Each structure stands twice: as structure tokens, then as C-alpha cells.
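Chemist: Mind having a look at this structure? Questions to follow.
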Amino acid sequence: MSSKRRNAIAAVIFDWAGTTVDHGSLAPVRTLQRVFANRDISLADDVARRDMGMAKRDHIRNLLAEPEVQAEWQRRYQRAAVESDIDELYQEFIPLQMSCLLDYAQVIDGVVPVVDTLRSRGIRIGGTTGYTRAMLETLEAAARKQEYRTDLSLCPEDVGAGRPHPFMCYQLAVNLEVSPLSACVKIGDTISDIEEGHNAGMWTIGVFRTGNMIGLSAQDWKELPAVDKNSALVRAKASMREHAAHYVIESVADALPVLEEIEYRITRGERP
Ligand SMILES: [Mg+2]
């Protein structure tokens with residue numbers, strides 16, 4: 044109980060790809076593109092990224108409903124995609140995603156010191172994802188070797204539904220024994236992360252440089268000319284703001300001052 048008095052924030056819940064690992068959130072994009080390419084359908088980056096963060100099967104369903112994809116599907120198969128197509132694509136997606144996951148498991152710079160600081164303050168660390176349990180466990184093992192671990196991470200199949208539903212966040216609060224939900228913060232790199240946080244009644248922080256909004260690996264980002272970096276940052280930040288994240292930051296490395304501000308607002312009686 045004393046830790047509760049000390050901390051206005053009870054838990055911080057981080058997304059995985061694009062937020063704490065996989066700079067640019069490349070693994071799911073490249074895999075979805077391969078799955079559709081195997082059907083002779085090209086998937087543009089921006090289309091593949093539009094609904095990123097959802098449970099992967101839901102994401103595939105949404106992709107098939109995109110006008111660009113519907114048109115290509117019609118051209119290729121002379122019919123609209125049906126439910127069994129979603130199943131087949133998802134079954135093809137799983138092994139492809141597993142096979143390349145470790146190529147994209149590097150922990151993003153700045154995550155470990157921030158999480159260590161939060162933990163030293165008695166704040167619980169949770170994780171949510173759109174990946175399957177097997178994918179999540181693969182990533183967790185890789186991240187542990189790089190000194191990043193959550194107290195508990197959950198995936199859509201653990202609770203029956205992924206983002207934008209709040210159930211992974213609810214279950215984390217129960218299992219981590221934290222309350223109220225208004226003392227929790229959700230941090231993620233996609234619109235669906237922010238929706239998940241809002242739906243859970245939590246504070247939300249959108250990460251706009253290291254993940255889905257810009258979509259570049261750490262190396263590609265480093266090599267980008269300064270003028271292109273600036274325009275990409277302006278665009279990504281505006282897009283994240285437009286979707287009503289309480290705060291936006293370039294990367295998790297920048298989270299501590301924002302979390303301190305949230306803490307101050309909670310102690311003043313404000314709610315998300
Ligand atoms: Mg993500």
C-alpha cells in the first residue's frame with residue numbers, strides 16, 4: 044500500500060513492435076506484404092500500416108476490405124474475398140511471421156533505462172500486442188536477453204479480443220493488481236494503441252518516431268537527410284495528435300518527463 048501512496052501512476056503498459064522492439068515496426072508489415080505477394084497482390088506500405096496494432100487476423104480482414112486490395116483481389120480471383128480467404132491468409136501469415144520475428148527483435152534505444160527507472164519507483168510494467176502468444180513469447184525471450192522485460196504481457200488470444208478493445212489492459216490491471224485504471228498509462232506507436240488506451244480509461248502516450256508512423260529501421264532513420272527527417276516528424280506527430288493521444292513523444296526514451304506531468308495531473312485529481 045505504501046507504494047500506492049508514493050506513486051500516482053500505478054502501471055505503464057507498453058506496446059511491443061515499434062514501441063519497445065522492432066524500430067519502424069517492420070516485421071508485421073514485411074510479413075503481411077509477403078502473404079499478399081504470394082497471392083500476386085501488392086500491398087503498399089501505407090495500406091499495410093493503416094490498421095497496424097490490431098490482432099493480426101482482424102488486421103487481415105480489414106486489409107481485404109481496403110478498396111485498393113479489394114480491386115486487386117477482384118482482378119486476380121474474379122470474386123470478392125470471403126471469410127475462408129481470411130482464414131487461409133492468416134494460416135499463411137503465422138509461420139512466415141514466426142520465421143522472421145527474431146530478425147526484428149532488437150530493443151529500441153532508451154527503452155531499458157526508462158523501464159528500469161519506472162520499476163525503481165514501484166510502477167508495474169505491462170505489455171500488450173497484436174501478435175499471437177507464440178510470437179509474443181518469442182519476442183519476450185529475445186527482449187529479456189537485451190535486459191527488457193515486462194512484469195506481464197498479454198496478447199489478444201489471452202482475453203478473447205485485441206485492440207481497439209480494452210480487455211488486454213483490463214486483464215493486466217487485474218493480474219498486476221493495479222487500480223484505478225485512471226492511474227495507468229498506455230504507450231504505443233499506432234492509432235489502435237491509443238484507442239485501446241482510451242477504451243480502457245487510461246492515459247495515452249503516442250510514440251511517433253520509432254514505430255508505425257514513420258516506419259523506418261533505426262539505420263534507415265539515421266541515414267535519412269535532416270530535411271526529410273523534419274518533414275516526417277511533423278507529419279507523424281500531427282497524425283498521432285489527430286487521433287487524440289493525451290501526449291505524443293518521439294520515442295519511449297522521451298517518456299519520463301511526460302509521465303511526471305501525468306503524475307502531477309493525477310495528484311491534482313485529474314483523470315484521463
Ligand atoms: Mg506497435
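Its first residue numbered 44, the sequence shown is counted upward by one per residue in the working numbering. Glycine included, each C-beta is placed from N, C-alpha and C at the ideal position. Values in this document were obtained by computation on a predicted structure and should not be read as measured data.
1) Do Met211 and Thr233 have their beta-carbon atoms positioned less than 9 Å apart in this structure?
2) Straight-line CA distance for Ser222 to Ile305?
3) Gln117 to Ser142, Cα distance in whole Å?
4) Ile248 bridges to which residues according to DSSP?
5) Three or more C-beta pairs closer than 8 Å, one from the region 185-205 and one from the region 87-94: is that the case here?
6) I need the straight-line Cα distance from Ala80 to Arg314, nearest angstrom please.
7) Nearest-angstrom Cα distance between Ile56 and Ile230?
8) Under 7 Å Cβ to Cβ from Leu161, same chain only, skipping five residues before and after it: list those, please.
9) Reducing DSSP to helix, strand and coil, say where Ala87 ends up.
10) Which residues does DSSP list as the beta-bridge partners of Ala54?
11) Confirm the yes/no value for this check: CB of Ala108, any heavy atom of ligand 1, distance under 8 Å.
12) Verify whether the separation of the beta carbon atoms of Ala296 and Pro156 is less than 9 Å.
13) Where in the region 104-192 do unbroken runs of the beta strand (DSSP E), each at least 3 residues long, occur, reported from the N-terminal end onward?
14) So Ala51 and Thr247 are supposed to be a Cβ contact under 8 Å. How far apart are they, rounded?
15) Shorter than 9 Å from the beta carbon of Val55 to some beta carbon of chain C?
16) Among all the DSSP beta bridges, which residues are the ones paired with Ala41?
17) Residues around ligand 2, please: the condition is that the C-beta lies closer than 7 Å to some non-hydrogen atom of it.
18) Would you check if there are 3 or more beta carbon pairs closer than 8 Å linking the region 238-247 to the region 203-220?
19) Is it buried or exposed for Ala287, if we count other Cβ within 10 angstroms and need 16 for buried?
20) Could you check which residue in Thr172, Lys99 and Gly67 has the C-alpha nearest to that of Ala275?
Modeler: So, from the listed chains and residues:
1) no
2) 16 Å
3) 30 Å
4) Ile230 and Tyr290
5) no
6) 46 Å
7) 6 Å
8) Val55 and Ile168
9) coil
10) Arg167 and Cys227
11) no
12) yes
13) 167-171
14) Not confirmed; about 16 Å, so no contact.
15) Protein chain content of the structure displayed is limited to a single chain, and chain C is not contained in it.
16) A query on residue 41 cannot be resolved here, the shown segment of the chain reaching from 44 to 315 and no further.
17) Ligands present in the displayed structure are limited to ligand 1, and ligand 2 is not among them.
18) yes
19) exposed
20) Gly67
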